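Under the working numbering, the first residue of the sequence shown carries the number 149, and numbering increases by one thereafter. Backbone N, C-alpha and C fix where the C-beta goes; we use that ideal spot for every residue, glycine too. All figures in this text were calculated on a predicted structure; none of them were measured in a lab.
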Amino acid sequence: MWWQGNKIGIILLFAIMFTSTKVFAQELNCTVEVNSSSVEGTSTDIFRTLQQSMTEYLNENQWTNTVFAPNERIECRLFLTVKEYKDEKVKGELQVQLSRPVYNSSYTTTLLNFKDTKVEFNYREGDPLTFTDNVWENNLTGLLNYYAYLFLALDFDSFSPKGGQPYFDKAAQVVQLAQSSGEIGWRTFEDNRNRSAVLSSFTDSNTGMIRDLIYQYHRKGLDEMVTSADKGRAAITESLKALEQIYSTAPMSVALTMFRDTKLDELVNIYSKSPQSEREEVYELLKKLYPTDMERINKIRNGS
149 MWWQGNKIGI ILLFAIMFTS TKVFAQELNC TVEVNSSSVE GTSTDIFRTL
199 QQSMTEYLNE NQWTNTVFAP NERIECRLFL TVKEYKDEKV KGELQVQLSR
249 PVYNSSYTTT LLNFKDTKVE FNYREGDPLT FTDNVWENNL TGLLNYYAYL
299 FLALDFDSFS PKGGQPYFDK AAQVVQLAQS SGEIGWRTFE DNRNRSAVLS
349 SFTDSNTGMI RDLIYQYHRK GLDEMVTSAD KGRAAITESL KALEQIYSTA
399 PMSVALTMFR DTKLDELVNI YSKSPQSERE EVYELLKKLY PTDMERINKI
449 RNGS
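Shown next, in the form of structure tokens:
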């Protein structure tokens, strides 16, 4: 038979196809840093191992069924500041950042810049981090799963309307599993800035218009500014009206503070050379939402 003489070649072809899928399937290109400078009396080897394990977990697991080329992987960063390590328990804060390239330019924009202040998990040097979908392994893998899916959700939302819904659903599953774990940072109504509140800010009807903003701001706004600065900036101005809607229904929503921490400096640059009428419109909108940030908001009004 014809295939018998080519059996080795066929096997090699399938091996190459399988290998390529494994190489190009990973979605995240996440930089992880663990800072343990404030912890005394503990070997730094533990935290170096933790950093390596977190990096490998995020970057080597397959989170979606979508194939990503190496240059398409999502850029993100986790900076863990360890404040205490006692009885094999880590306590600290986690700064999370997500970015994406702007179409046809060298500019990279930030999609998320958020500090998680309620981070606690058990860790012993050498403990394996095992990914199991829909099963609660421990708080560390729960944290990593949550942020991996949140990164994917926001990235996909920025390219297509509600494109990140499957990954918001996955993040919701993680939160649901975490509710019964007893760990801090997950409980509904625990505070308005924990992981449950962050997810709700994107999924609740009172604040979910932030997702429309994400799409319009990035895909219709920034991505268009390369070819038409006025058209792209007008889309960004229109997208900001969603913030007023959120403020009117949920003035304490973490969605508003996340947007401020992520985008306010960028807005200063975007409107630096825009017409005065446009700058005034954005100034009037933002000053009501962020009265304690008037130094930066005034820069939008004054231009360059």
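**Q.** Cβ shell of residue 383 (< 7 Å), same chain only, five flanking positions each side left out
**A.** These residues qualify, in order along the chain: 364, 368, 369 and 372.
(Q) With H, G and I counted as helix, E and B as strand and the rest as coil, what does DSSP make of residue 171? (A) In this prediction, residue 171 scores a pLDDT of 44, lower than 50, which makes its location untrustworthy; the coordinate-derived value is nonetheless stated afterwards. Look at residue 171 here: in three-state DSSP terms it is helix.
Q | Straight-line gap, residue 356 to residue 312 (C-alpha atoms, nearest Å) | A | The straight-line gap from Cα to Cα measures roughly 13 Å.
Q) Count the other CB atoms within 10 Å of the CB of residue 171; is the residue buried (16 or more) or exposed (fewer)? A) Note that residue 171 scores 44 on pLDDT, short of 50, meaning its location in the model is unreliable; the coordinates nonetheless yield the value given after this. Looking at its Cβ environment, which holds fewer than 16 other Cβ atoms inside 10 Å, residue 171 is exposed.
Q) Under a three-way DSSP split, which group does residue 409 fall into? A) In the structure shown, the three-state DSSP call for residue 409 is helix.
Q) Counting pairs of Cβ atoms below 8 Å between the region 227-242 and the region 179-198, do you hit three or more? A) Yes: at least three Cβ pairs fall under 8 Å.
Q) Mind checking whether the beta-carbon of residue 333 lies closer than 6 Å to any heavy atom of the ligand ZN? A) Only the bare structure without any ligand can be found here, which leaves the ligand ZN out of the picture.
Q) What do you reckon, are the CB atoms on residue 449 and residue 427 nearer than 7 Å? A) Yes, Cβ-Cβ distance for residue 449 and residue 427 is below 7 Å.
Q. For the region 336-379, which segments carrying the beta strand (DSSP E) assignment without a break, of at least 3 residues, lie completely within its bounds, in sequence order?
A. The region 336-379 contains no whole beta strand (DSSP E) run of 3 or more residues.
Q) Which runs of the alpha helix (DSSP H) fall wholly inside the region 422-449 and span at least 4 residues, in chain order? A) The region 422-449 contains these whole alpha helix (DSSP H) runs: 424-437.
Q | Every unbroken beta strand (DSSP E) inside the region 243-296 [3 residues or more] | A | List check, beta strand (DSSP E) in window: 256-270.
**Q.** the region 304-311 in contact with the region 264-271 per 3-pair CB rule at 8 Å
**A.** Touching, no, given that fewer than three Cβ pairs across the two stretches are closer than 8 Å.
**Q.** Residues bridged to residue 209 (per DSSP)
**A.** Its beta-bridge partners do not exist; DSSP assigns none.
Q | Run of the alpha helix (DSSP H) containing residue 222, from where it starts to where it stops | A | Run containing residue 222: none in the alpha helix (DSSP H); it sits in the beta strand (DSSP E), 222-234.
Q. Quick check: the region 395-404 against the region 346-354, are there 3 or more CB pairs under 8 Å?
A. Because the criterion of three Cβ pairs below 8 Å is met, the region 395-404 and the region 346-354 touch.
Q | Sub-7 Å separation of residue 316 and residue 296 beta-carbons | A | Contact flag unset, no.
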